[in-house]
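In my numbering, the protein residues as written are 257 to 406.
Positions of the beta carbon are idealized from the N, C-alpha and C atoms, including for glycine.
Just so it is clear, the structure is predicted and the values come from calculations on it, not from any experiment.
Below: one structure, written as structure tokens.
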């Protein structure tokens, strides 16, 4: 499997997990937030980096929708990635058996992407993760979040 084939498999798994495709990325909306998954191709090797970006609806007096600018935005209000445990499945400079790569990708969705995007689909979930120090958010975003929750 090459990196292009992997991106198609990733997209299919994203769809299986409730994400919709838009502008070379995938998104899932809730009334309070929008989650973006973006595979960013490296300029330094044959590998991707997974960017998970969460935008909080109403923050900074904006409503967020899946536009090209949003999908390609370098950062969201909350950010995550593929985690060290799963990084190797995105690296095509280091060969891995195709079936193992697919199995590990399924695990990544089950153990990280889906739980994280589910928890961050609400303002209360984001606030809880931040209070437990499982995520860090910029002070300006934290202030907006508190304003929206009051």
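What is the DSSP secondary structure of residue i, reduced to helix, strand or coil?
i	result
residue 301	coil
residue 338	coil
residue 311	strand
residue 285	strand
Can residue i and residue j be called in contact, C-beta distance under 9 Å?
i	j	result
residue 309	residue 332	yes
residue 378	residue 334	no
residue 382	residue 312	yes
residue 258	residue 372	no
Provide the residue(s) that pair with residue i in DSSP beta bridges, ordered along the chain.
i	result
residue 296	305
residue 347	303
residue 290	285, 311
Could you pull the start and end residues of the alpha helix (DSSP H) that residue i belongs to?
i	result
residue 267	259 to 272
residue 381	379 to 387
residue 403	395 to 405
residue 372	370 to 375
residue 461	Since the first residue shown for the chain is 257 and the last is 406, residue 461 is missing from the structure and cannot be characterised.
residue 326	324 to 328
Looking at the secondary structure, which residues open and close the beta strand (DSSP E) in which residue i lies?
i	result
residue 411	Outside the shown range of the chain, which is 257 to 406, sits residue 411, and nothing can be said about it.
**Asked** Hey, is the region 257 to 267 in contact with the region 344 to 364, meaning 3+ C-beta pairs nearer than 8 Å?
**Response** yes
**Prompt:** Between the region 342 to 353 and the region 311 to 319, are three or more C-beta pairs nearer than 8 Å?
**Reply:** no
**Message:** When you compare the region 387 to 399 with the region 288 to 296, are there three or more beta-carbon pairs, one atom per stretch, that lie closer than 8 Å?
**Reply:** no
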